[in-house]
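A.B. asks:
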Amino acid sequence: MDKDLKIGILIMFLCTLFTAVGQLFFKYGSVDFEWNLFALLTNYDLVVGFIFYAVGAMLLIMALKFGKLSILYPFVALTFIWVMLISVWFLGESLNNFKFGAMIFIVLGIILITGGNTNGK
C-alpha cells in the first residue's frame, strides 16, 4: 500500500468520526426540532451537527485526492460502527450480539472491497 493511500484512509477514518459525531448532535437537536427558520438557527445542537457534517464532507473531499474512489469510499461504512458505539456510550442504547456481528461484517466488507482493489486485481 503506497503512502498516499494510507493518508487517504486515515483522512477517511477522521471523516467517519466527524460525521458520526454530527449525527449524535442531530439526535440531540431533534428534541427541539421545529420547521421555522429562527428555531432552526437557534437549535445549537443542529448547528453543531451541521458543522461536524461539513468538516466530515471536507475531509472526504481531501481524502479523495489520495486514492481511488472505489477504494476509499467503502470506509464511509465505518460511520455505522461509530454511530452504534456513540449511541451506546452517550444515549444508553443497547449493543446486542446482532449489532456486534453486524460491525464485524462491516469491517470484513471494507477489507474485502478495498483489498481487492488495491492492486487492480
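Counting from -13, one number per residue, gives the positions in the sequence shown under the working numbering.
Even for Gly, the Cβ is constructed at its ideal location relative to N, Cα and C.
Apart from the five residues on each side of it in sequence, which residues of its chain come closer than 7 Å, Cβ to Cβ, to L0?
C.D. replies: L45
A.B. asks: Scan the segment 21 to 68 and note each continuous alpha helix (DSSP H) run of 4 residues or more that stays entirely inside, going in chain order.
C.D. replies: You should have 23 to 27, 30 to 49, 55 to 58.
A.B. asks: I'd like the span of the alpha helix (DSSP H) that includes S80, first residue to last.
C.D. replies: That residue, S80, is in no alpha helix (DSSP H); it is neither H nor E in DSSP.
A.B. asks: If you reduce the DSSP assignment to three classes, tell me which class M(-13) lands in.
C.D. replies: coil
A.B. asks: Can you give the Cα-Cα distance for N29 and A6, rounded to whole angstroms?
C.D. replies: Pairing N29 with A6, the inter-Cα distance amounts to about 19 Å.
A.B. asks: Take F12 as the anchor and find which of L3, V34, L(-9) has the nearest alpha-carbon.
C.D. replies: V34
A.B. asks: Can you check whether the CB of G(-6) is closer than 8 Å to the CB of L71?
C.D. replies: no
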